[in-house]
Each structure stands twice: as C-alpha cells, then as structure tokens.
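Note that the numbering used here has the sequence shown beginning at 4, numbered continuously upward.
Glycine residues also receive a C-beta, built at the ideal position from the N, C-alpha and C atoms.
Quick notes on the structure that follows.
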Amino acid sequence: MKVDAITLRELQLPLKHFFETSCGRVTHRRIFLVAAACEGVEGWGECVALSDPSYSPEYVDGAQHVMIHHLLPRLVGGGPLDAADVAPRLAKLHGHPMAKGALEMAVLDAQLRAENRSFADFLGVTATRIPSGVSVGIHDTVDELLATVQGYVDDGYVRIKLKIEPGNDIEQVAAVRDLIGPDTPFQVDANTAYRRTDGAHLRRLDDFDLLLIEQPLPEHDIIGHARLAAEIATPICLDESLVSAAGTADAIELGACEIANIKPGRVGGYLEAVRIHDLCVAKGIPVWCGGMLETGIGRAANAVLAALPGFTLPGDISASTRFYAEDIVTEPIGITDGHVTVPTSPGLGFEVASTILDSFTTATVQAL
Ligand code: SMG
Ligand code: MG
C-alpha cells in the first residue's frame, strides 16, 4: 500500500476516577492517535505512551517528535509497504517501540480494511470471547479500595489486579484477598517500585495465593528478577522489562520471567506481540495481555490479540467505561459474564466515531 497522508491527533480524556500507581497519579489521559490514509482507506493506530516518562522512557511529546522527524521519513521513503515492512524499515533507529508500534498499527488497520479482512481472521483466532480482568489503582484508604474492588466484583470481572508499592502492599493485599475470597484470581503490579533487597518483604505476599507479581524491580534488572524468582513462591511476571521478543527470550532463559505481560504498544506493535506470544508458548511461559488505559481503539485490537491460545490468563482488557465516561469508538468494549467479545469487523476491530473524537481532540498535526 502507498501511504498518502499521516495525521497525528491528540486527545485529552478525563478519567472517571484518578488512577494511581507507583509511577504516580493520572487524572487525565493524553491520547495520541495516528491516522494513515492509504489508497482511499484510513487506518488508525493508538500510541500507548503516557504524557510523561514515568512508566517508560517514551512520552507523548517525544513520540510525536520522533515520529515526525525520524520515523515517518524512513517509513515512506522506501515506497509502498504493508504492516510487516514497518518494523524492518525502522529497525536502524534505536528504541521508541511505542511510536513505532502506533505506526505499524495504523498501517495494519488500513491494510486489513483494504482487504475487508478482520484482525481475528489475520491472526487465525477462533475464540469468540476472552476473560476480562481489571486493574485497580492505589487508593488513599483501605476502605475506599475495598469499595472499588467490590464494585468491580459486582461488574463481573473475573480477575483483580492491584497496584502496590512499599507502604501500600501487604495490608491492602490481605484486605482485598479477604474481601474477594480464596477463589477469585488475584495478582499485584509494582511498576518497578521495589529493590533487590526487598525479597524477604515480598515473600510475605506468598501467603495470599497470588497469580503473579508484576514487575517488582526496575526494568533493566533482569538478574534481580531471576534472583527474586528463586526467593519467593509468587510467580514473577515482567511488564516494563519486555520490549522485544529477543529480550523476552533472554529473560526467560535467565529465569527472570515466569509469566509475561504482553502489551503490543510496549513491544513495537502487534506483529512483535505475536512473536512474543509464540516464543512464550514454545517455552511454556503463560502470557496475558496488558493495558495502557487505551481508548476503544487499542482495547478492540488487544481483545483480538488476547484470543490467541497462549493467552491463558485474563488480561487487563476491561470495559471502555472502566476509565472513561465516553469512548471515541462506535461500539465500546463491554463486559458480559466477565468476558469481552472478540471483535470481528474489518480492520483491527473498531469504528471511530468522528464527532466524539473531534470533541476530545486538542491538537491535530498533518505529519505527511
Ligand atoms: O488499561 O486497564 C488498563 C491499565 C492496566 O494497570 C494497567 N497498566 O503497568 O500494567 C501496568 C499499567 C500501566 C499504565 S499506568 C502507569
Ligand atoms: Mg504493569
């Protein structure tokens, strides 16, 4: 396909309730979308970078800058392309998987729409629904936390994930486990908040029968995660550390990654996400699909990816209404019996509602 034009859009979406992690508190989500016009069809990509580099080195302004000044000239300089050409064309440019992944996503969406083909068909998935888990932020009080968790249990979510950090961990985990009972799948996410010396403290989490602890240590500390995996019984799951299939293979070999959180945006796009899925299946490592507070655009595509057979644990693919009062797609992701229906419409599985989109758009850049 020939890429005729690329439009970058920025949106400001207020969160229904603040979302706090050990990285900080988010009250609004700055959403960065890429629209690729290719031979009469339009494809959309959602860049998962946050507004500041608190979760990963990438952030919205940086992603836009690198896209405009470095990625796009290389991408279109090579002539017509399809989604599989995006990563190889950009490979000489280091890093920036979130910006690269958003471009690949837009091209893939356009390509599938041009072929009148669904992402589900492209991936060969057969599951029609996937289990839905919810990610719960750090709260000011345990009572407020329990009220929030009870609400999600009532909504039908099949798995609870709780954000933790030093000082907001054992007591909160014990209270939530007590509330949801022994049978509800439960996991925690530290977003790099602990250090190698915290092994004895984190071992206390072994009492609560958690599915996993996600990214306890800093992203580059693969050896530290391997040592921690030997020290505690709760399985170690990596999130921030995994930015490529090659790095994931190394982390698995070193014993640092007993479970993998796959976020397409974090690893450079859906095609690399599939490669990580395939690698983990081959190595016997369970995977699940993470979330980055995406709009219905990213959520729909994630719901298709998570229907691949290696995704044996519920993902952070909650309803569109979990974070936002309004969504920018025509059919927001909904939960029925704790499950999300796998979208099967042509493209990545969503239709953008242009009037709602326009009402939240704060900036538009004609990048190409
Ligand atoms: O989209 O449901 C979602 C958010 C899930 O907790 C979530 N994401 O580390 O896994 C994670 C966080 C990253 C974003 S907040 C800093
Ligand atoms: Mg995480």
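When the beta-carbon positions are compared, Val-79 and His-99 stay at least 8 Å from each other. Looking at the backbone, the Cα of His-97 and that of Gly-104 are separated by about 13 Å. Inclusion of Arg-32 and Leu-371 in the CB contact set at 8 Å is not warranted, their separation being larger than that value.
In the three-state reduction of the DSSP assignment, Pro-17 falls in the strand class.
The three-state reading of DSSP puts Cys-41 in strand, counting E and B together.
Only buried fits Asn-194, as 16 or more other CB atoms lie within 10 angstroms of its CB. Val-29 and Ser-57 have their C-alpha atoms roughly 11 Å apart.
Under a 10 Å Cβ-count criterion, Arg-120 is classified as exposed, with fewer than 16 other Cβ atoms of the shown protein chains found around its own Cβ. In the three-state reduction of the DSSP assignment, Lys-5 falls in the coil class, being assigned neither a helical nor a strand state. Segment contact: the segment 303 to 321 against the segment 278 to 291, three or more CB-CB distances shorter than 8 Å; contact assigned.
The set of residues with any CB-heavy atom separation to ligand 2 below 7 Å comprises, in chain order, Asp-192, Asn-194, Glu-217, Gln-218, Asp-242, Glu-243, Asn-264 and Gly-293. For Thr-344, the uninterrupted beta strand (DSSP E) segment begins and ends at 342 to 344. A distance of 8 Å or more separates the beta carbons of Ala-87 and Met-4. For Lys-286, the enclosing alpha helix (DSSP H) stretches over residues 273 to 286. Here Arg-120 carries a coil assignment [DSSP, helix/strand/coil]. Counting along the chain, the unbroken beta strand (DSSP E) around Ser-138 starts and ends at 136 to 139.
With respect to the 8 Å criterion, Ala-123 and Ala-8 are not classified as neighbours on the basis of their beta carbons. DSSP places Arg-206 within a helical segment (H, G or I) once states are collapsed to three. If you ignore the 5 residues before and after Val-343, its C-beta comes within less than 7 Å of the C-beta of Arg-132, Ile-133, Ser-135, Ala-306, Ile-320 and Ile-336, all in its own chain and listed in chain order. Between ligand 1 and Met-295, a heavy atom-to-CB distance of less than 7 Å is present. Classified as buried, Val-345 has 16 or more neighbouring CB atoms from the shown chains inside 10 Å of its CB.
Counting the other Cβ atoms within 10 Å of the Cβ of Glu-243 gives 16 or more, which makes it buried.
Using a cutoff of 7 Å, the CB of Cys-50 does not count as near ligand 1, since none of the ligand's heavy atoms is closer than that. For the segment 170 to 205, the full-length beta strand (DSSP E) segments reaching 3 residues or more read 189 to 192 along the chain. If you check the CB distance, Met-108 and Tyr-327 do not come in under 8 Å. Nearest to Thr-187 by C-alpha distance, out of Asp-209, Arg-206, Tyr-160 and Glu-174, is Tyr-160.
Here Ala-150 is exposed. Its C-beta has fewer than 16 other C-beta atoms within 10 Å.
Gly-258 is positioned such that its CB atom lies no closer than 8 Å to that of Ile-235. With a cutoff of 7 Å, Tyr-197 does not count as near ligand 1, since its C-beta is closer than that to no heavy atom of the ligand. The residue among Val-37, Leu-215 and Pro-185 with its C-alpha nearest the C-alpha of Asp-192 is Leu-215. In the structure shown, Tyr-160 falls within a coil segment according to DSSP collapsed to helix, strand and coil. Distances taken from the Cβ of Thr-30 to the heavy atoms of ligand 1 include none shorter than 7 Å.
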